[in-house]
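Input: a single structure, listed below in structure tokens.
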Amino acid sequence: MTARTLRGKVAVVGIGETTYYKHGQSPDAEFKLALQAILAACADAGIHPHRIDGFASYSDDRSDATRLAVALGLPRLRSATMQWGGGGGGCCAAVANGAAAIATGQADCVVVFRSLAQGQHGRFGHVSATTTAATVSGERAYLAPYGVISPPQRFAMRVRRYMHEHGVRQEAL
């Protein structure tokens, strides 16, 4: 049996970031921040942005891959993936999706990104009861109106229940 691995098939060659701002204080839109970070990553890697032919992101990033490709003037877009799952591992999954796209020949140069400018579209981790009632269903409909939407918040409720049922004290954690 041959080893199935990504080892030696892909590499992170550049990292880009923008200025960090406090909630609601970014003068730029999320999309512009994404473009700035991508261009910074290309400069760090020593490559021209036109070499990019794929994007990978997570958590429903509003900076759509097609819009990014047009704004960057890319000659082609061969791969665009979005990791939707919870659990707090979306960033790792986005990196894995980008690596898999390269290793399987779906793309040659993938940008893994996440752009977030809180205050422009509501605060990350917060939802309103009126929005939630119309847009969320299932178990989340009972949790989101109370601000319980992130994996740590949901896990904390289960841990507290376990502690209560089994007599585990706070000091034991």
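The sequence shown begins at 12 in the working numbering and counts up one residue at a time. Each residue gets a CB set at the ideal place from its N, CA and C atoms; glycine is no exception. As the structure is a computational prediction, the values presented were derived from the model and not from experiment.
Contact annotation: residue 48 and residue 126 have beta-carbon atoms nearer than 8 Å.
Between residue 110 and residue 170, the CB-CB gap reaches or exceeds 8 Å. Residue 166 sits in a helix when the DSSP states are folded into three classes. The straight-line gap separating the alpha-carbon atoms of residue 112 and residue 64 is approximately 10 Å.
A straight line joining the alpha-carbon of residue 59 with that of residue 15 spans about 31 Å. Residue nearest to residue 107 within the set 28, 66 and 150 is 66 (criterion: CA-CA distance). Annotation: the segment 36 to 115 contains the following complete segments of the alpha helix (DSSP H) (minimum length 4 residues), in chain order: 41 to 56, 76 to 83 and 101 to 114.
For the options 128, 152 and 173, the alpha carbon positioned closest to that of residue 33 is the one of 128. For residue 152, the enclosing alpha helix (DSSP H) starts and ends at 151 to 154.
Distance from residue 17 to residue 104 at the Cβ level is roughly 14 Å; contact not present, criterion being Cβ atoms closer than 8 Å.
With respect to the 8 Å criterion, residue 121 and residue 90 are classified as neighbours on the basis of their beta carbons. In the same chain as residue 86, and ignoring 5 residues on each side of it, the C-beta atoms closer than 7 Å to its own belong to 61, in chain order. Between residue 45 and residue 25, the gap from beta carbon to beta carbon reaches 8 Å or more.
Judged by DSSP secondary structure, residue 122 falls within the beta strand (DSSP E) whose first and last residues are 121 to 123.
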